[in-house]
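*Asks:* Numbering of the sequence shown is given in the numbering used here, commencing with residue 1 and proceeding in unit increments. The beta-carbon is built from N, C-alpha and C at its ideal position, and this holds for glycine as well.
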Amino acid sequence: MSIFRNRDVFDPDYVPDQLLFRESQLRQLAYCIEPAKNGFSPLNALCLGPPSTGKTSSIRFILEKAEEELNFLYSYIRCPRFKDAYKIFSKIFYDVFAHQPPSMGISKAVLMEKVWEKLEKPLLVVLDDLNFLNKGCINDVLYEILKAPEEFGVKVGVISAVTDLKFPLSLDPFVGSIFHYTEIYYPSYSEYEIREILKKRVEKGFWEDSIDKEAFERAVEITKKAGDVRYGIFLLKSAGIIAESKKKDKITIEEIEMAHEGEAVPFIAKIVSALNSDERAVLRIAYSQEEISTGELYELVSGEVKMSYRKFYDILEKLERLKLIEVTFGEKGRGRTRYVYRKFDIRAMEKALEF
Ligand SMILES: Nc1ncnc2c1ncn2[C@@H]1O[C@H](COP(=O)(O)OP(=O)(O)OP(=O)(O)O)[C@@H](O)[C@H]1O
Ligand SMILES: [Mg+2]
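Right, here's the structure in full:
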């Protein structure tokens with residue numbers, strides 16, 4: 001009994017052959033890379049948008065296409081894996097020197113000098129999930145790359161992707177003044193768009209008629225609520241595995257619900273891992289209540305951590321943007337007070353916060 005036609009299409013690093021609803025972002029990325037194809041510096045770009053809006057996929061999509069006529073080099077860096085500037089520079093070295101690692105113990109400055117001296121073609125550095133690095137490191141890395149054209153006469157550009165809309169404000173003014181970029185915005189997907197994206201994945205990944213219509217709609221509904229297509233894709237894969245293990249030839253709502261219970265924790269844990277301790281505290285306290293006004297929540301938070309209302313408010317906005325909480329006016333129309341609600345199951349959130 002088999003559900004999967006191709007299980008790989010549900011993998012996190014699978015790049016679909018068609019990226020729906022991202023034509024304009026792909027066009028802008030292609031425009032930034034175009035000069036590199038002709039021997040000039042690529043234009044810098046900053047891809048901004050909430051998690052799972054296709055930033056990584058669209059960058060990889062464009063790079064795969066460019067590879068067919070590649071007359072520039074690129075170094076793709078998933079920042080959370082590298083953590084500090086030295087490791088990032090080592091990865092750039094590794095890519096520029098055709099997969100040769102730098103010799104042990106050489107300094108950051110020497111390492112990058114070797115990179116710049118070696119460069120004969122334009123170089124594109126992709127800094128994906130850049131906001132996972134600490135501020136000092138971000139500024140170090142950007143500064144080293146952005147000053148290279150002037151200091152070493154090389155042709156280099158940066159494409160970075162971040163989820164934090166306030167990211168540009170966190171740059172050192174000095175780095176900010178040399179970092180000129182095209183901003184490419186990735187809005188959240190609507191329910192219609194989520195349905196179409198998941199439908200494509202189902203067609204590619206499952207055998208025909210392997211998922212109940214009702215079950216698929218439930219998956220769309222859960223995905224919409226989580227506000228995240230990546231979650232929907234995990235959910236479908238997981239439900240498929242459960243159905244196969246039960247020797248069923250069709251996924252029903254039951255498998256979707258089972259998968260939903262099992263997948264929530266690692267999914268939330270990934271988002272939560274990028275938060276700092278103040279943000280985690282606000283999140284944890286918000287989840288301790290079914291419904292709480294923003295004012296009351298601030299009081300509870302202040303009892304544990306010292307923070308200004310302004311900062312608290314910024315954190316609340318960020319948590320809402322990451323779709324971990326919902327902030328709306330009270331259900332019973334109680335004036336202008338705003339209330340905070342959970343977006344996920346409380347037990348799943350508690351477990352995710354333990355990671
Ligand atoms: N437009 C789309 N068409 C098809 N699949 C998509 C689309 N957008 C996102 N996906 C799928 O959703 C998942 C998340 O996409 P991706 O990793 O590109 O998002 P992201 O914006 O980089 O997220 P993050 O900020 O968390 O890194 C991937 O599995 C990807 O294949
Ligand atoms: Mg990404």
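I'd like to confirm something about K55: is its beta-carbon nearer than 7 Å to some heavy atom of ligand 1, or not?
*Replies:* K55 Cβ: within cutoff of ligand 1.
*Asks:* State whether the segment 308-328 contacts the segment 277-291, with contact taken as three or more CB pairs (one from each stretch) at a distance under 8 Å.
*Replies:* Yes: at least three Cβ pairs fall under 8 Å.
*Asks:* Hey, how far is the Cα of R347 from the Cα of V110?
*Replies:* Taking the straight line from one Cα to the other gives about 49 Å.
*Asks:* For S273, which beta-bridge partners are listed by DSSP?
*Replies:* Paired residue(s): none; S273 is not in a bridge.
*Asks:* Can you list, in chain order, the stretches of the alpha helix (DSSP H) that have 4 or more residues and sit fully within the segment 168-216?
*Replies:* The qualifying runs are 173-178 and 191-205.
*Asks:* Please tell me whether, using a cut-off of 7 Å, the distance from the CB of D17 to the nearest non-hydrogen atom of ligand 2 is below it.
*Replies:* False, no ligand heavy atom lies under 7 Å from that Cβ.
*Asks:* Under 7 Å Cβ to Cβ from V444, same chain only, skipping five residues before and after it: list those, please.
*Replies:* Lying outside 1 to 355, the shown extent of the chain, residue 444 is not represented and no answer is given.
*Asks:* Taking only runs that begin and end inside the segment 38-73, name each unbroken beta strand (DSSP E) of 3 or more residues, in chain order.
*Replies:* The qualifying runs are 45-48.
*Asks:* What are the uninterrupted segments assigned as alpha helix (DSSP H) that are 4 or more residues long and contained completely in the segment 80-104, given in chain order?
*Replies:* 85-96, all fully within the segment 80-104.
*Asks:* Alpha carbon to alpha carbon, how far is T223 from L119?
*Replies:* Computed Cα separation, rounded: 44 Å.
*Asks:* Applying the 10 Å Cβ sphere with the 16-neighbour rule, what's the burial state of L20?
*Replies:* Exposed, because fewer than 16 other Cβ atoms sit within 10 Å of the Cβ of L20.
*Asks:* Which residues mark the beginning and the end of the alpha helix (DSSP H) in which D140 is found?
*Replies:* Counting along the chain, the alpha helix (DSSP H) containing D140 begins and ends at K135 to L146.
*Asks:* K211: which of A239, T182 and Y186 sits nearest, CA to CA?
*Replies:* First, the residue type needs correcting, since residue 211 is Ile and not Lys in the sequence shown. The shortest Cα separation from I211 among A239, T182 and Y186 belongs to A239.
*Asks:* When every heavy atom of ligand 1 is checked, does at least one fall within less than 7 Å of the C-beta of F21?
*Replies:* True, at least one ligand heavy atom lies under 7 Å from that Cβ.
*Asks:* Could you check what DSSP says for L20 in three-state terms: helix, strand or coil?
*Replies:* Three-state result, L20: coil.
*Asks:* So, I253 versus E221, is the Cβ gap smaller than 8 Å?
*Replies:* No, the pair does not count as a contact, with Cβ atoms beyond the cut-off.
*Asks:* Provide the residue span of the beta strand (DSSP E) that contains L124, from first to last.
*Replies:* Per DSSP, L124 belongs to the beta strand (DSSP E) from L123 to D128.
*Asks:* Return yes when the Cβ of A36 is within less than 8 Å of the Cβ of G153, no when it is not.
*Replies:* Against a cut-off of 8 Å, the Cβ pair of A36 and G153 comes out as no contact.
*Asks:* Heavy atom of ligand 1 less than 7 Å from the Cβ of V141, yes or no?
*Replies:* Answer for V141: no, Cβ out of range of ligand 1.
*Asks:* Helix, strand or coil, according to DSSP, for Y14 in the structure here?
*Replies:* Residue state, collapsed to three classes: coil.
*Asks:* Verify whether the separation of the beta carbon atoms of V15 and F61 is less than 8 Å.
*Replies:* Yes. Within cutoff.
*Asks:* With DSSP as the reference, identify every bridge partner of T328, one or two as the case may be.
*Replies:* Note: T328 sits in a beta bridge opposite Y339.
*Asks:* In this structure, what does DSSP give as the bridge partners for Y231?
*Replies:* Paired residues: none, contrary to the question.
*Asks:* Output the distance between the C-alpha atoms of R338 and Y309, rounded to the nearest integer angstrom.
*Replies:* Taking the straight line joining both Cα atoms gives about 14 Å.
*Asks:* Take I268 and list the residues in its own chain whose beta-carbon comes closer than 7 Å to its own, dropping the five residues that flank it on each side.
*Replies:* Excluding residues within five positions, the ones whose Cβ falls inside 7 Å are F344, A348, M349 and A352.
*Asks:* Less than 8 Å between the CB atoms is what I'm expecting for Y231 and G49, so what's the real figure, rounded?
*Replies:* With a Cβ gap of about 16 Å, Y231 and G49 do not count as contacting.
*Asks:* Could you spell out the range, first to last residue, of the alpha helix (DSSP H) harbouring I159?
*Replies:* Taken as a continuous stretch (DSSP letters only), I159 belongs to no alpha helix (DSSP H), being part of the beta strand (DSSP E) at V156 to V162.
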